[in-house]
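Chains R and L, in that order, give the protein sequences.
The first sequence finishes on residue 156 if you use numbering that gives the first Met the number 0, and the numbering steps up by one all the way, no holes.
The second sequence finishes on residue 562 if you use numbering that gives the first Met the number 0, and the numbering steps up by one all the way, no holes.
For reference, the structure is listed below as structure tokens.
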Amino acid sequence: MSSAQLLIVDDEERFLKTTTTVMKKRGITPQTASNGEDALRIIEKTPVDVVVLDIKMPGMDGIETLRRIKELDPLVEVIMLTGHGSFDLAVTGMRLGAFDYVMKPCDIPELMEKVEDAYAKKQAMAERKRSNGENGTTPRAMAVFDAQDAATNNEKE
Amino acid sequence: MKMTGQKKEKPVKYSRIRRIILSRILVAPFIILLMVCGVLVYYFAATLHSRVTGEMIRIVDDHRNMIDQFLSERTEDLKFIVNTTPYESICREHRLAEILEMLQKGSPAFLDLGVFDHSGNHIAYQGPYDLEGKNYQQAVWFQAVKEKPVYISDVFLGYRNTPHFVIAVRKEQNGVFWYLRATIDTYYFNNLVENIRVGETGEAYLINKEGVFQTKQRSGGKLMETDPDFSKTNLPGGRIVTYSTTDYQTNKYQYAIGRLHQTDWQLVVRQEYMDAAAPLIRAVMVAIGLIFIGGAVVVVIAFFLASNVAHRLSLADVEKREMTHQLIMAGKLAEVGEMSSGIAHEINNPLQVMKAEVTLIDDLFKDIAPQSDTDSENIEMIKDSVNQIGIQIDRCRKITQGLLKFARKSDPVIKKINPEELITETVDMVAHQAMLEGIPIETEIAPNLPEIESDPSQLQQVFLNLLNNAVYAVRESQKPEVRVIADMADKWIRIRVADNGWGISEDHLEKIFLPFFTTKPVGSGTGLGLSTCFGIIENLGGKIDVESDVGTGTTFTVLLPKG
Chain R
0 MSSAQLLIVD
10 DEERFLKTTT
20 TVMKKRGITP
30 QTASNGEDAL
40 RIIEKTPVDV
50 VVLDIKMPGM
60 DGIETLRRIK
70 ELDPLVEVIM
80 LTGHGSFDLA
90 VTGMRLGAFD
100 YVMKPCDIPE
110 LMEKVEDAYA
120 KKQAMAERKR
130 SNGENGTTPR
140 AMAVFDAQDA
150 ATNNEKE
Chain L
0 MKMTGQKKEK
10 PVKYSRIRRI
20 ILSRILVAPF
30 IILLMVCGVL
40 VYYFAATLHS
50 RVTGEMIRIV
60 DDHRNMIDQF
70 LSERTEDLKF
80 IVNTTPYESI
90 CREHRLAEIL
100 EMLQKGSPAF
110 LDLGVFDHSG
120 NHIAYQGPYD
130 LEGKNYQQAV
140 WFQAVKEKPV
150 YISDVFLGYR
160 NTPHFVIAVR
170 KEQNGVFWYL
180 RATIDTYYFN
190 NLVENIRVGE
200 TGEAYLINKE
210 GVFQTKQRSG
220 GKLMETDPDF
230 SKTNLPGGRI
240 VTYSTTDYQT
250 NKYQYAIGRL
260 HQTDWQLVVR
270 QEYMDAAAPL
280 IRAVMVAIGL
290 IFIGGAVVVV
300 IAFFLASNVA
310 HRLSLADVEK
320 REMTHQLIMA
330 GKLAEVGEMS
340 SGIAHEINNP
350 LQVMKAEVTL
360 IDDLFKDIAP
370 QSDTDSENIE
380 MIKDSVNQIG
390 IQIDRCRKIT
400 QGLLKFARKS
410 DPVIKKINPE
420 ELITETVDMV
430 AHQAMLEGIP
440 IETEIAPNLP
450 EIESDPSQLQ
460 QVFLNLLNNA
470 VYAVRESQKP
480 EVRVIADMAD
490 KWIRIRVADN
500 GWGISEDHLE
510 KIFLPFFTTK
520 PVGSGTGLGL
530 STCFGIIENL
540 GGKIDVESDV
550 GTGTTFTVLL
560 PKG
């Protein structure tokens with residue numbers, strides 16, 4: 000298992016606790032946040048590669064949090080978690096640069112696979128950025144493009 | 000949603016609407032028609048009456064003048080003779096004959112001529128009768144002519160014993176009077192008066208001041224009889240009068256009467272009132288006829304118009320009801336959809352926690368399994384139980400996903416689809432099992448259906464659902480049959496799944512697309528099948544509809560947008 004820095008954001012405390020336990024056992028130690036503000040604070044302080052983000056939360060909602068995360072660090076990959084199944088929200092998320100979205104209830108191992116995919120993509124992005132140097136490519140625009148690409152690929156599987 | 004059960008909702012008060020429209024359409028025109036006709040008849044009657052009376056006055060006036068002129072001419076003839084011929088000369092027979100001949104040339108009305116001395120002795124006579132030598136001292140006319148120079152007698156019998164009248168003139172010669180008398184041809188004079196004709200029943204006659212007929216009355220009064228209606232016609236004054244009255248036989252007559260200037264006679268012209276008013280009566284009949292014909296036409300037109308309008312109104316009413324029904328249904332479905340997605344979301348969150356817990360328990364078992372051989376049987380049972388929890392979580396997930404699909408919250412994967420292939424494939428999936436149960440599935444697919452862009456797996460889910468329902472519905476039918484018909488309808492691809500099963504009652508029909516509505520026994524179905532179909536089809540821009548008659552069968556119609 001790679002050492003992806005994972006952050007799980009959900010307002011369901013028990014879900015955070017159990018998922019953390021399961022993931023620890025399987026080799027990833029995620030950080031957790033129960034709301035958008037906490038999540039942003041953590042991303043500011045510590046390096047985070049992938050965020051699993053619940054769309055519907057009290058306070059700052061998932062879409063807003065996603066936007067702020069991408070503003071903070073465009074390279075952070077975000078997997079949206081939704082219990083609502085709202086197609087519109089999912090599309091909005093993808094437009095804002097989310098890596099994928101997953102319907103609740105989902106399998107933890109499946110979720111972890113998605114996290115790995117996202118992490119791999121982030122690594123590739125970071126690599127490309129390093130090699131491109133300062134040739135003016137906006138990382139954020141790229142992120143949007145790739146994210147959509149990845150999403151369609153993902154769907155076809 | 001169409002409800003064939005609506006047959007019983009007959010066009011409400013159709014006949015009442017028609018009656019109201021009919022009365023409104025008819026009342027105003029009929030009042031106007033009656034008023035117009037009434038006014039027309041009134042004015043026509045007034046005009047006609049004045050025309051009739053005017054005409055009669057004119058006739059009386061003309062003919063009175065004519066008769067007056069005739070009498071005065073004859074008188075002048077005689078006066079001329081007495082003034083130009085001396086008594087001695089006229090008494091000679093051949094001379095009198097010459098004079099009569101001359102007079103008759105002037106007017107054939109002269110019948111005979113006689114000369115009388117002062118004491119009434121008939122001195123000379125020329126004419127068809129043998130009257131010479133008779134004495135007329137006591138004759139009415141002789142008495143009268145002694146008093147004045149000219150006398151025109153009433154009709155009398157005299158010595159000849161036939162009705163006639165005479166004109167006598169007096170002449171003074173050498174202090175002694177002598178008289179010349181002429182008899183007027185009754186026949187000739189009668190014709191003169193009688194020939195006046197007005198209409199069918201119009202007639203003219205003369206009466207003297209005692210009411211005795213001086214000429215014949217065409218309707219029956221004989222010469223010298225007394226006019227039975229004399230009391231009604233004896234009016235004083237020289238002016239011509241006209242009026243209507245009834246005769247002694249109670250026939251109504253229009254009279255016009257004028258007094259002659261030459262004698263005391265009155266010229267009476269009369270016409271039966273019904274005859275005089277014939278044009279008026281005809282006009283009234285025509286008017287009434289027109290009212291009836293026009294009225295009938297108006298009634299017929301109005302009837303059709305009213306029927307038409309009433310029919311349209313009732314159609315609109317039915318349409319409105321259907322529309323209201325559809326709106327209510329759509330509103331209900333939207334509300335339930337909103338609720339469904341809320342419920343799904345709220346349930347998905349705890350399911351997610353449960354799922355995580357199950358995964359954790361699974362992982363924990365893996366850790367503890369090698370260490371405990373002792374209680375392995377119990378541990379297996381716990382494992383099985385946890386496994387079951389996982390299965391039940393998945394079951395719940397399916398339900399919430401069904402709910403979300405109904406709420407149209409699922410995202411379709413759009414591909415180009417050949418409708419024929421899709422239908423054939425789907426039917427094949429069900430057909431084998433159905434054949435085993437003795438249920439044939441017929442497909443009628445119109446050739447050259449265009450390709451559509453839609454989600455094939457979602458559509459397949461819809462048609463599988465409809466087919467399974469159809470097969471389920473015909474299980475107990477005598478001759479079970481399921482038909483799938485695909486064709487074009489307007490801009491839609493129309494796919495109908497029809498069965499001849501037991502049908503759906505109206506109560507159920509209303510709820511059929513609502514989630515969790517099912518008539519199957521508890522546990523056999525979630526009641527999400529048709530609601531999911533509804534959600535999918537609406538989400539794909541199509542329409543789904545159902546028609547059903549209990550005992551006859553059910554038809555589901557799916558309309559998909561073309562291209």
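No residue lacks a Cβ here, since even glycine has one placed at the ideal position from N, Cα and C.
None of the values given here were measured: they were computed from a predicted structure.
One or two residues paired with F155 (chain L) in a DSSP bridge: In the second sequence, the residue the question calls residue 155 (chain L) occupies position 156. L:H163, per the DSSP bridge assignment.
- request: Drop a sphere of 10 angstroms on the beta-carbon of K55 (chain R), count the other beta-carbons inside from all chains shown, and report buried for 16 or more, exposed for fewer.
  value: As a first step, residue 55 (chain R) is located in the first sequence; it is residue number 56 there, counting from the start. With 16 or more Cβ atoms within 10 Å of its Cβ, K55 (chain R) is classed as buried.
query: Of all the options L:P514, L:T518, L:Y124, L:I422, which has the alpha carbon lying nearest to the alpha carbon of L527 (chain L)?
result: Along the second sequence, one-based indexing puts residue 527 (chain L) at 528. Ranked by how close their Cα comes to the Cα of L527 (chain L), the residues L:P514, L:T518, L:Y124, L:I422 have L:P514 in first place.
- prompt: Does N377 (chain L) come within less than 7 Å of chain C when only Cβ atoms are used?
  reply: No chain C is part of this structure, whose protein chains are labelled R and L.
Sub-7 Å separation of A167 (chain L) and R159 (chain L) beta-carbons: Residue numbering aside, residue 167 (chain L) sits at position 168 when the second sequence is read from its first letter. Residue numbering aside, residue 159 (chain L) sits at position 160 when the second sequence is read from its first letter. Between A167 (chain L) and R159 (chain L), the CB-CB gap reaches or exceeds 7 Å.
- prompt: Expressed to the nearest angstrom, what Euclidean distance is found between the alpha-carbon atoms of M22 (chain R) and I360 (chain L)?
  reply: In the first sequence, counting from the first residue as 1, residue 22 (chain R) sits at position 23. In the second sequence, counting from the first residue as 1, residue 360 (chain L) sits at position 361. Distance between the alpha carbons of M22 (chain R) and I360 (chain L) is about 13 Å.
query: Are there 16 or more other CB atoms within 10 angstroms of the CB of Q432 (chain L), so buried, or fewer, so exposed?
result: Position 433 of the second sequence, counting from 1, holds the residue named residue 432 (chain L). Exposed: under 16 other Cβ atoms inside 10 Å.
query: Mind listing which residues of the segment 89-107 of chain R have their C-beta closer than 9 Å to chain L's C-betas, in chain order?
result: Residues A89, V90, M102, K103, P104, C105, D106, I107.
query: Which of the three DSSP states, helix, strand or coil, is assigned to P57 (chain R)?
result: For the purposes of this step, residue 57 (chain R) is taken as residue 58 along the first sequence, with counting starting at 1. If DSSP states are grouped into helix, strand and coil, P57 (chain R) belongs with coil.
task: List the endpoints of the continuous beta strand (DSSP E) containing P560 (chain L).
output: Counting from 1 along the second sequence, the entry for residue 560 (chain L) is found at position 561. Taken as a continuous stretch (DSSP letters only), the beta strand (DSSP E) holding P560 (chain L) covers 552-560.
query: Excluding five sequence neighbours on each side, which residues of the same chain lie with their C-beta closer than 6 Å to the C-beta of G198 (chain L)?
result: In the second sequence, counting from the first residue as 1, residue 198 (chain L) sits at position 199. Close CB contacts of G198 (chain L) within its chain, under the 6 Å cut and outside five residues either way in sequence, are with Q270, D274 (chain order).
query: Helix, strand or coil: how does DSSP classify D261 (chain L) here?
result: Reading the second sequence from its first residue, position 262 is the one you call residue 261 (chain L). Here residue 261 (chain L) turns out to be Gln, not Asp, going by the sequence shown. DSSP, read as helix, strand or coil, puts Q261 (chain L) in coil.
- request: Could you list which residues in chain R have their beta carbon closer than 7 Å to that of D362 (chain L), in chain order?
  value: Counted from its first residue, the second sequence places residue 362 (chain L) at position 363. Residues of chain R passing the Cβ test: V21, K24.
query: Can you name, in chain order, every residue of its own chain whose Cβ lies under 8 Å from the Cβ of A125 (chain R), other than the five neighbours on each side?
result: As a working note, residue 125 (chain R) is residue 126 in the first sequence. Once the five neighbours on either side are set aside, the close Cβ partners of A125 (chain R) are L74.
message: I want to see whether chain R comes within less than 7 Å of R396 (chain L), judged by CB atoms only; does it?
response: In the second sequence, residue 396 (chain L) corresponds to position 397, counting from 1. Yes, contact with chain R.
query: Using CA coordinates, which residue listed in R:R127, R:L110, R:T20, R:R129 is at the minimum distance from V50 (chain R)?
result: Translated into positions along the first sequence, residue 50 (chain R) becomes position 51. That would be R:L110, whose Cα lies nearest to the Cα of V50 (chain R).
task: Could you tell me whether the segment 499-510 of chain L touches the segment 543-553 of chain L, where touching means 3 or more Cβ pairs closer than 8 Å?
output: Yes, since at least three Cβ pairs between the segment 499-510 of chain L and the segment 543-553 of chain L fall closer than 8 Å, the two stretches touch.
task: Establish whether the CB of G135 (chain R) and some CB of chain L are separated by less than 7 Å.
output: Stepping through the first sequence from its first residue, residue 135 (chain R) is reached at position 136. Per-residue confidence for G135 (chain R) stands at a pLDDT of 47, beneath the threshold of 50, marking its modelled position as unreliable; no derived number is given.
- request: Output, in chain order, the set of chain L residues within a Cβ distance shorter than 9 Å of K55 (chain R).
  value: Along the first sequence, one-based indexing puts residue 55 (chain R) at 56. In chain order: H344, N348.
message: Assuming T64 (chain R) and G35 (chain R) are in contact, meaning their beta carbons sit under 8 Å apart, how far apart are those beta carbons, in whole angstroms?
response: The residue you call residue 64 (chain R) lines up with position 65 of the first sequence. The residue you call residue 35 (chain R) lines up with position 36 of the first sequence. About 4 Å; that satisfies the 8 Å criterion.
query: Would you call L5 (chain R) buried or exposed, if buried means 16 or more other Cβ atoms sit within 10 Å of its Cβ?
result: Here residue 5 (chain R) refers to the residue found at position 6 of the first sequence. Burial call: buried.
query: Opposite V51 (chain L) in the DSSP bridges: which residues?
result: Sequence index remark: in the second sequence, residue 51 (chain L) carries index 52 (1-based). V51 (chain L) has no beta-bridge partner at all, per DSSP.
message: Check whether chain R comes within 7 Å of K9 (chain L), counting only Cβ atoms and requiring the distance to be less than that.
response: In the second sequence, the residue the question calls residue 9 (chain L) occupies position 10. Confidence at K9 (chain L) is low in this model, with a pLDDT of 47, below 50, so its placement is unreliable and the value that follows should be read with caution. Not one chain R Cβ lies under 7 Å of K9 (chain L).
- prompt: For D454 (chain L), which residues from the same chain have a beta carbon less than 8 Å from its beta carbon, with the 5 sequence-adjacent residues on both sides left out?
  reply: Here residue 454 (chain L) is taken as the residue at index 455 of the second sequence, counted from 1. Excluding positions up to five away in sequence, the list reads P411, V412, I413, K414, I535, L539.
field: Amino acids of chain L, ordered along the chain, whose beta-carbon sits closer than 9 Å to that of R129 (chain R)
entry: Looking up residue 129 (chain R) in the first sequence gives position 130. Within 9 Å Cβ-Cβ: nothing; R129 (chain R) doesn't reach chain L, min ~36 Å.
message: Rounded to the nearest angstrom, what separates R91 (chain L) and L130 (chain L) at their Cα positions?
response: Start at 1 with the first residue of the second sequence, and residue 91 (chain L) comes out as number 92. Start at 1 with the first residue of the second sequence, and residue 130 (chain L) comes out as number 131. Between R91 (chain L) and L130 (chain L), the C-alpha separation is close to 16 Å.
query: What's the gap between the Cα of V81 (chain L) and the Cα of S71 (chain L)?
result: Within the second sequence, numbered from 1, the residue matching residue 81 (chain L) stands at position 82. Within the second sequence, numbered from 1, the residue matching residue 71 (chain L) stands at position 72. Their backbone Cα atoms lie some 15 Å apart in a straight line.
message: Could you compute how far the alpha carbon of V211 (chain L) sits from the alpha carbon of G37 (chain L)?
response: Residue mapping note: residue 211 (chain L) aligns to position 212 of the second sequence, counting from 1. Residue mapping note: residue 37 (chain L) aligns to position 38 of the second sequence, counting from 1. Between the alpha carbons of V211 (chain L) and G37 (chain L) lies a distance of about 44 Å.
query: Does the separation of the CB atoms of A469 (chain L) and V481 (chain L) fall below 7 Å?
result: Here residue 469 (chain L) is taken as the residue at index 470 of the second sequence, counted from 1. Here residue 481 (chain L) is taken as the residue at index 482 of the second sequence, counted from 1. Judged by beta-carbon spacing, V481 (chain L) lies within the 7 Å limit of A469 (chain L), meaning their Cβ atoms are closer than that value.
- request: Given a cut-off of 7 Å, decide if G119 (chain L) and Q136 (chain L) are closer than it, judged by their beta-carbon atoms.
  value: One-based indexing of the second sequence puts residue 136 (chain L) at position 137. One-based indexing of the second sequence puts residue 119 (chain L) at position 120. Between Q136 (chain L) and G119 (chain L), the C-beta spacing is below 7 Å.
field: Separation of T518 (chain L) from I378 (chain L), as counted between CA atoms
entry: Along the second sequence, read from residue 1 onward, the residue named residue 378 (chain L) stands at position 379. Along the second sequence, read from residue 1 onward, the residue named residue 518 (chain L) stands at position 519. Straight across, the Cα-Cα distance linking I378 (chain L) with T518 (chain L) is about 41 Å.
query: Along the chain, where does the beta strand (DSSP E) that runs through Q30 (chain R) open and close?
result: Numbered from 1 along the first sequence, position 31 holds the residue referred to as residue 30 (chain R). DSSP places Q30 (chain R) in the uninterrupted beta strand (DSSP E) bounded by 30-32.
message: Within 7 Å of any Cβ in chain L, is that where the Cβ of E115 (chain R) sits?
response: Taking the first residue of the first sequence as position 1, residue 115 (chain R) is located at position 116. Contact with chain L is absent for E115 (chain R), since none of that chain's Cβ atoms lies less than 7 Å from the residue's Cβ.
query: Is any beta-carbon of chain L found at less than 7 Å from that of T64 (chain R)?
result: Residue numbering aside, residue 64 (chain R) sits at position 65 when the first sequence is read from its first letter. Answer no: the Cβ-Cβ gap between T64 (chain R) and chain L never drops below 7 Å.
- request: With distances taken Cα to Cα, identify the nearest neighbour of K441 (chain L) among L:L259, L:P449, L:I422.
  value: One-based indexing of the second sequence puts residue 441 (chain L) at position 442. With the sequence shown as reference, residue 441 (chain L) is identified as Glu, and Lys is not the correct amino acid for it. It is L:I422 whose Cα lies nearest to the Cα of E441 (chain L).
task: Can you tell me which of the three DSSP states D48 (chain R) falls into?
output: What you label residue 48 (chain R) is simply residue 49 of the first sequence in a count that begins at 1. The answer is coil: DSSP assigns D48 (chain R) none of H, G, I, E or B.
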